[in-house]
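Novice:
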Amino acid sequence: MSRIRGSFCIAVAIAALAACGSNSTTSSVATGTARGTLIENPPFRIASLNAAAFEAQLDASPVGQSLLALAGAPACGVDFYYVKYWTVGAAAESATASGALMVPTGAAPQCSGPRPIVLYAHGTNTDKALNIADVTNSSNTEGQLIAAMFAAHGYIVVAPNYAGYDISSLSYHPFLNGDQQSKDMMDALAAARSALPNTFAAATSDSGKLFITGYSEGGYVAMATHKALQAAGATVTASAPMSGPYALEAFGDAVFYGSVNIGSTEFTPLITTSYQKAYGNIYAQLTDIYEPTYAPGIDTLLPSTTPIDTLFEDGKLPETALFSSTTPVTGNVALDAALAIPANPIFALGFGASNLVTNDYRVQYVLDAVAHPDGAVPLPQAGVPLAAAPQQSLRVAFKLNDMRSWSPHVPVLLCGGGQDPTVFFSVNAGTMQAYWSTLHQGLLTILDVNAAPTAGDPFAALQVGFQETEAQIIASEGQVAAVESYHSTVAPFCTAAARGFFSQF
Amino acid sequence: MKIPMKTIAAAALFALAVSVAHADDVPENTIRVGMYYIQYHSTADDISGPYVPNGLNLHVNAIETLYLAYVRRLSEHFDLELAAGAPPTTKTEGRGPATLGSVPYNGQVISTAKWFAPTLLLNYKFLDDSYALRPYIGIGVNYANFYDRRSTAAGNAVSGGPTSISLPVSVGVAGTVGVSYRLPERWSLYLSYSMSEVKSKLTADTAGVIRTTQISFGPRALVIAAGYSFGK
């Protein structure tokens, strides 16, 4: 028996030997929840593409081919990191969020060492699962765009998915909330800067130059972030907000008067939920704003994992009819005429029998706009001031988030398309141009890619390119398709303009 | 496949019961030392999880290691063998596309692990003690504990960052066929071929992104060993 026991001691000794080994570990997980904390360090790299592989991937699709023609062949490879970080919601509640860190790689001089950062804010997206870092997802065209335009040409790119998307613990998205969204951007930037030294491309570092840009919702967010960073005394080298609703109060008034923008039935629920979460006074009941057909659950409808077309088909939202085709009667003849269905066929799409917003709410809003007019809409006033004392809660929220509240200290490019039916260029970029009319020469550049090119204009080629593309869409798909896609068609041309603008600094 | 502990206990009791019949003039303990030549007939499900393209698989490389066993004679025809070789380091290679993005994959050693994998076998020996050359067959239980599990630098690059790997303990049936040849002065030579059932679920965690696959390692071991017997 003792000899058997001895034999098992051999096994025990080997087992003890086994216990001496240690296993490899994964990234460390932050225990703190302070704003800007990188949750997993190093972050997860979704993909690594050298310049040739990235070019081949882009070249495999018509959209990618167009992008290559505009952005040029990649000079650098790109590593795509999935960054998770702590930020805050609209009510300052702690929340997790995620985004992309795109790091240039490769032997070319502009692909490593100290590189500038582009902080990018994406446009409105109804897909709650959006992950702009996932370059393996062919529907992530905005991620491909910024990778091809910036990262593949030597810029480190930081692009949050925003709180309320992807893995975010926030149950809603603080849409067009300048305070929250600028914090989200700054927190993503802080987390990405923490991650940079620990990536596979640790030789690529932050040069200290910071450029901010974004498109549509992201154009607004880019400007709000520039404003916030400037107020915080942080370095901003230059910014290029694109096609954003900067003059929110003026834009809101234009829509409620009847200039209904394409996409309004998606934007409106996002806005009312966002501001209700932030200020708590947008509505007491959803039927204060929305028709009973659509009111139930509309506060949690967007963003959604259900495709937007399915939401339309299922009757969760009307596709275009923001307002009723039955014109409300206020008793004010001039106002009633102003509220009638517009002659402009694009604006008229915003009216229908199965509409989203009640006439009562529309009238309530417009009466406040009449009593406390915005300085840009409907009649531009000198200095395009904000309304002095709006009372209607949504207009108060618009005023609070309107960008007519600051002036930049470093150069800004505002790019967009003059005929944009989704985010009106004149109401937004035009209003900001008027508001900033006294800025020092050179601080503000306005670019309308739809305008006639002028000799010597560094952006003339982009204007020509955009207008040729529009003409091709009209010829091949028709006028309606061209109008519907106009806003997204502008994006790559303005992004190319932003890169050219940044390259001066 | 998991073998219940009570089945293992019953096998051990059976072995002890048989041991009552051993002859008094034959050494009852043998230590064997030799070499394992282990081929893995591994099969694995395609790796599943986020950001994993279709068709990613794994392959386990063959290894050689030291064979060490204690054999307890139970009777003229039965031995109880506890084989516990020096823990080998196995290397797992990627199988699939040449690259993932621009990162090499196919044929890259992406992880390593050491095994502590003792096997308890009840062997039946043919012929009788008067024969120098005796074939035998055995059946038993293999216990495999994976430790020192590491994702290589190539594995980290493929996975997207530093990666921890989990491979739970495997318990499975084992079988052997072999032949012993008795030499003078208590020495013997052994040649055997063994198979074990070793299955485990590989889980890789890269910054919270979890990918998994079920691996059947299918080890086939050729053993060449010398043994020294002692005891009465």
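Residue numbers (the numbering used here), protein chains in the order written: chain A, 1 to 505; chain B, 1 to 232. All C-beta atoms, glycine included, are put in the ideal place defined by N, C-alpha and C.
1. Suppose you measure from the CA of alanine 353 of chain A to the CA of threonine 320 of chain A; what does that come to, to the nearest Å?
2. Which value, in whole angstroms, describes the spacing of the CA atoms of isoleucine 474 of chain A and threonine 489 of chain A?
3. Within 10 angstroms of the Cβ of arginine 186 of chain B, are there 16 or more other Cβ atoms? Answer buried if so, exposed if not.
4. Does chain B have any CB closer than 8 Å to the CB of serine 48 of chain A?
5. Which residue's Cα is closest to the Cα of valine 235 of chain B: B:Ser192, B:Arg149, B:Leu133 and B:Ser200?
6. Would you list, in chain order, the members of the region 343 to 363 of chain A that have their beta-carbon closer than 8 Å to a beta-carbon of chain B?
7. Answer with yes or no whether the minimum CB distance from threonine 136 of chain A to chain B is below 8 Å.
8. Taking the alpha carbon of serine 196 of chain B as the point to measure from, which residue in B:Leu68, B:Gly175 and B:Ser151 has its own alpha carbon closest?
9. Mind checking which residues open and close the alpha helix (DSSP H) that includes tyrosine 162 of chain A?
10. Between the region 77 to 97 of chain A and chain B, which residues of the former have CB atoms less than 8 Å from a CB of the latter, in chain order?
11. Under a CB-based cut-off of 8 Å, is asparagine 23 of chain A close to chain B?
12. Give every residue of the same chain whose Cβ lies closer than 6 Å to the Cβ of alanine 86 of chain B, excluding the five residues on either side of it in the sequence, and list them in chain order.
13. From the beta carbon of threonine 55 of chain A, is the nearest beta carbon of chain B less than 8 Å away?
14. Give the straight-line distance between the Cα atoms of glutamine 381 of chain A and alanine 337 of chain A, rounded to the nearest whole angstrom.
15. Can you tell which of B:Ser75, B:Arg32, B:Gly96 and B:Ser194 has the C-alpha that lies nearest to the C-alpha of valine 52 of chain B?
16. Is phenylalanine 501 of chain A closer than 8 Å to leucine 439 of chain A when the C-beta atoms are compared?
17. Is alanine 278 of chain A near alanine 91 of chain A, with beta carbons less than 8 Å apart?
18. Output, in chain order, the set of chain B residues within a Cβ distance shorter than 8 Å of threonine 300 of chain A.
19. Name the chain B residues that come within less than 8 Å of proline 42 of chain A, Cβ to Cβ?
20. Taking all protein chains shown into account, decide if threonine 454 of chain A is buried (16 or more other Cβ within 10 angstroms of its Cβ) or exposed.
21. When DSSP builds the beta bridges, which residues end up paired with lysine 84 of chain A?
22. When DSSP labels each residue in this structure, what does proline 114 of chain A get in the three-state scheme?
23. Compare the C-beta of arginine 45 of chain A with all C-beta atoms of chain B and state if any pair is closer than 8 Å.
24. Return the residue from the list A:Pro318, A:Gln285, A:Leu130 and A:Gly214 that minimises the CA-CA distance to proline 303 of chain A.
25. Note down, in chain order, all residues in the region 135 to 151 of chain B with a beta-carbon under 7 Å from any beta-carbon belonging to chain A.
26. Rounded to the nearest angstrom, what separates tyrosine 131 of chain B and valine 71 of chain B at their Cα positions?
27. Excluding the 5 residues flanking arginine 115 of chain A on each side, which residues of the same chain have their C-beta closer than 8 Å to its C-beta?
28. Whose C-beta lies closer than 8 Å to the C-beta of alanine 21 of chain B among residues of the same chain, with five residues either side of it excluded?
29. List, in order along the chain, the chain B residues whose C-beta lies closer than 8 Å to that of serine 112 of chain A?
30. In angstroms with no decimal places, state the Cα-to-Cα distance between tyrosine 143 of chain B and proline 42 of chain A.
31. When you check each C-beta in the region 89 to 113 of chain B against every C-beta of chain A, which residues fall closer than 7 Å?
32. Starting from alanine 157 of chain B, find everything on chain A with Cβ-Cβ shorter than 9 Å and list it in chain order.
33. Please report the distance separating the alpha-carbon of serine 426 of chain A from that of alanine 153 of chain B.
34. Is the CB of threonine 310 of chain A under 8 Å away from at least one CB in chain B?
35. Please return the same chain residues whose Cβ sits closer than 7 Å to the Cβ of arginine 193 of chain A, not counting the five positions on each side in sequence.
36. Under a CB-based cut-off of 8 Å, is tyrosine 37 of chain B close to chain A?
Specialist: Taking the structure as given:
1. To locate residue 353 of chain A, count along the first sequence from 1; it is residue 353. To locate residue 320 of chain A, count along the first sequence from 1; it is residue 320. Each residue's Cα considered, the two are about 11 Å apart.
2. Looking up residue 474 of chain A in the first sequence gives position 474. Looking up residue 489 of chain A in the first sequence gives position 489. Answer to the nearest angstrom: the Cα atoms are 12 Å apart.
3. Locating residue 186 of chain B in the second sequence gives position 186, counting from the first residue. Arginine 186 of chain B comes out exposed.
4. The residue labelled residue 48 of chain A in the question sits at position 48 within the first sequence. Output row for serine 48 of chain A: interface = yes.
5. Only positions 1 to 232 of chain B appear in the structure, and residue 235 of chain B is not among them; the question remains open.
6. none
7. Taking the first sequence and counting its residues from 1, one reaches residue 136 of chain A at position 136. Chain B, which has a Cβ nearer than 8 Å to the Cβ of threonine 136 of chain A, makes this yes.
8. Looking up residue 196 of chain B in the second sequence gives position 196. With distances taken between Cα atoms, serine 196 of chain B lies closest to B:Gly175.
9. Position 162 of the first sequence holds residue 162 of chain A. Premise fails: tyrosine 162 of chain A is in no alpha helix (DSSP H) and is neither H nor E.
10. Gly77, Tyr82 and Lys84
11. Counting from one through the first sequence, the residue named residue 23 of chain A turns up at place 23. Cβ-Cβ to chain B under 8 Å: yes for asparagine 23 of chain A.
12. Against the second sequence, residue 86 of chain B aligns to sequence position 86. Same-chain partners within the cutoff: Thr65 and Leu66.
13. Your numbering for residue 55 of chain A matches position 55 in the first sequence. Per the sequence presented here, residue 55 of chain A reads as glutamate, with threonine not at that position. Taking Cβ atoms only, chain B never reaches closer than 8 Å to glutamate 55 of chain A, which makes this a no.
14. Taking the first sequence and counting its residues from 1, the one referred to as residue 381 of chain A is at position 381. Taking the first sequence and counting its residues from 1, the one referred to as residue 337 of chain A is at position 337. Taking the straight line from one Cα to the other gives about 22 Å.
15. In the second sequence, counting from the first residue as 1, residue 52 of chain B sits at position 52. Checked all of B:Ser75, B:Arg32, B:Gly96 and B:Ser194; the closest Cα to valine 52 of chain B is B:Gly96.
16. By 1-based counting over the first sequence, the position of residue 439 of chain A is 439. By 1-based counting over the first sequence, the position of residue 501 of chain A is 501. Not closer than 8 Å, so no.
17. Along the first sequence, one-based indexing puts residue 278 of chain A at 278. Along the first sequence, one-based indexing puts residue 91 of chain A at 91. Going by C-beta atoms, alanine 278 of chain A is nearer than 8 Å to alanine 91 of chain A.
18. In the first sequence, residue 300 of chain A corresponds to position 300, counting from 1. Going along chain B, no residue has its Cβ under 8 Å from threonine 300 of chain A, so there is no contact; the nearest lies around 25 Å.
19. By one-based count along the first sequence, residue 42 of chain A stands at place 42. What proline 42 of chain A touches in chain B: Gly161, Pro162 and Ala207.
20. Within the first sequence, the letter at position 454 stands for residue 454 of chain A. When all chains shown are included, threonine 454 of chain A counts as exposed.
21. Here the question's residue 84 of chain A lines up with position 84 in the first sequence. Looking at the DSSP assignment, lysine 84 of chain A forms a beta bridge with A:Ser98.
22. Counting from one through the first sequence, the residue named residue 114 of chain A turns up at place 114. DSSP places proline 114 of chain A in strand when its eight states are reduced to three.
23. For the purposes of this step, residue 45 of chain A is taken as the residue at position 45 of the first sequence. It does; some Cβ of chain B falls within 8 Å.
24. Start at 1 with the first residue of the first sequence, and residue 303 of chain A comes out as number 303. Among A:Pro318, A:Gln285, A:Leu130 and A:Gly214, the Cα nearest to that of proline 303 of chain A belongs to A:Leu130.
25. Asn145, Tyr147, Asp148, Arg149, Arg150 and Ser151
26. Start at 1 with the first residue of the second sequence, and residue 131 of chain B comes out as number 131. Start at 1 with the first residue of the second sequence, and residue 71 of chain B comes out as number 71. Near 18 Å, if we compare the C-alpha coordinates of valine 71 of chain B and tyrosine 131 of chain B.
27. Sequence index remark: in the first sequence, residue 115 of chain A carries index 115 (1-based). So the qualifying residues of the chain are Pro104, Gly154, Tyr155, Ile156, Thr204, Ser205, Asp206 and Ser207.
28. Residue 21 of chain B sits at position 21 when you count from the first residue of the second sequence. Since pLDDT at alanine 21 of chain B reaches only 41, below the 50 mark, its modelled position is unreliable, and no value is offered.
29. In the first sequence, the residue the question calls residue 112 of chain A occupies position 112. Within 8 Å Cβ-Cβ: nothing; serine 112 of chain A doesn't reach chain B, min ~15 Å.
30. In the second sequence, counting from the first residue as 1, residue 143 of chain B sits at position 143. In the first sequence, counting from the first residue as 1, residue 42 of chain A sits at position 42. Going by the C-alpha atoms only, they are around 36 Å apart.
31. Gly101, Ser102 and Val103
32. Within the second sequence, numbered from 1, the residue matching residue 157 of chain B stands at position 157. Those are Arg45, Ser48 and Phe200, listed as they occur along chain A.
33. To locate residue 426 of chain A, count along the first sequence from 1; it is residue 426. To locate residue 153 of chain B, count along the second sequence from 1; it is residue 153. So the two alpha carbons sit approximately 54 Å from each other.
34. Position 310 of the first sequence, counted from the start, is the residue given in the question as residue 310 of chain A. Chain B contact via Cβ: absent.
35. The residue given as residue 193 of chain A occupies position 193 in the first sequence. Counting only Cβ-Cβ distances below 7 Å, and skipping sequence neighbours, we find Asp206.
36. The residue given as residue 37 of chain B occupies position 37 in the second sequence. Not closer than 8 Å to any Cβ of chain A, the Cβ of tyrosine 37 of chain B fails to qualify, so no.
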